[in-house]
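These notes are about the structure you will find just below.
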Amino acid sequence: MARARCQHGDDWASPKSVRRCGGIMKTMNTTPKEALIQYLREHPDFFKKHPELLSELELPVAPPGTVSLVERQIRKLREQNQNLQTQLLEVLRNAQRNEHLLGQTTSLIRSLIGCHDLRQLADTLIDAMPKLFQIDVVRLYTEQLPGHEGVAEVCAELGLFFPHRHPICGACDAQTAELLFGRTDIRSVALVPIGRHADMGLLALGHHEPDNFDPNTGTLFLDTIGLVLEALCQKLAFANG
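Set out below in structure tokens:
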């Protein structure tokens, strides 16, 4: 009877074939458990490359004087817990800031609603906003109120268009600060359009810190103030027209 042959026709009995096929024979005669043990022995850094598995394994405690996988698992879980705590604290801080801003915005809107004309509206903005929001300067631009004109000129000079009515926030240079506020110490601004394309006016807020009005933060409360000002400007202009 013909003897079994390895790949390429080598005889199982030859030394050459034993060397070539020995790995296959070993694998075929090894149980899955033994294969796993052998694999881990040949790859001692396996759990370093796949640390996510440590949180899913049930591991025994190592003998005294050795670092067990349980300890590594605990260390990993502690790190995950610390990261989650950090994220939670940031969420809580943001919630507290938003709660504070909501209260300040509500107070401002209540004051604005009580205004009887555009002059009182402008004075209320200029007086109340620095106190409520800890900013340095407020400027209202509107063609409807003498002494507050210049919306078109400012928008043209700065290339402002406001296609979606959203405020623009960010750092500014001394030249921009001079144009908006008549002073050069302002380093960040928030520009709130009143009406689509700022056709009814522009509210400019300034702060001496470059990162006070961060372009990456939300503008929900500034959006709200802009919409309220739009409605009030329409109402007061009609009532006093």
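Counted from 1, the sequence shown has number 130 at position 109 by my numbering; the numbering is strictly sequential. All C-beta atoms, glycine included, are put in the ideal place defined by N, C-alpha and C.
Beta-bridge pairing of residue i - partner residues as DSSP gives them
i	result
G191	V210
I215	G222
Where residue i falls, given that 16 or more other Cβ within 10 Å makes a residue buried
i	result
N237	exposed
N233	buried
S209	buried
T197	buried
F259	exposed
DSSP state of residue i mapped onto helix, strand, coil
i	result
R160	strand
L224	strand
C136	coil
S76	helix
T240	coil
E170	coil
F234	coil
Q103	helix
F182	coil
D144	helix
D151	Checking the sequence, you will find Pro at residue 151 rather than Asp. Of the three classes helix, strand and coil, the one that applies to P151 here is helix, per DSSP.
P53	helix
H229	coil
H64	coil
Beta-carbon proximity check, residue i vs residue j, cutoff 9 Å
i	j	result
T99	P72	Correcting the residue type first, residue 99 is Arg in the shown sequence and not Thr. No. Outside cutoff.
C176	I215	no
L15	L90	Lying outside 22 to 262, the shown extent of the chain, residue 15 is not represented and no answer is given.
A211	T245	no
G222	T163	yes
L179	L153	no
P231	A192	yes
Worksheet item: Between the stretch 100-117 and the stretch 135-151, do at least 3 Cβ pairs fall closer than 8 Å?
Response: no
Discussion item. Check whether the stretch 120-133 and the stretch 184-204 touch, using three or more Cβ-Cβ pairs below 8 Å as the test.
Written reply: With a cut-off of 8 Å, the stretch 184-204 and the stretch 120-133 do not count as touching, because too few Cβ pairs lie within range.
Worksheet item: Are the stretch 148-163 and the stretch 225-232 touching, with three or more C-beta to C-beta distances below 8 Å?
Response: yes
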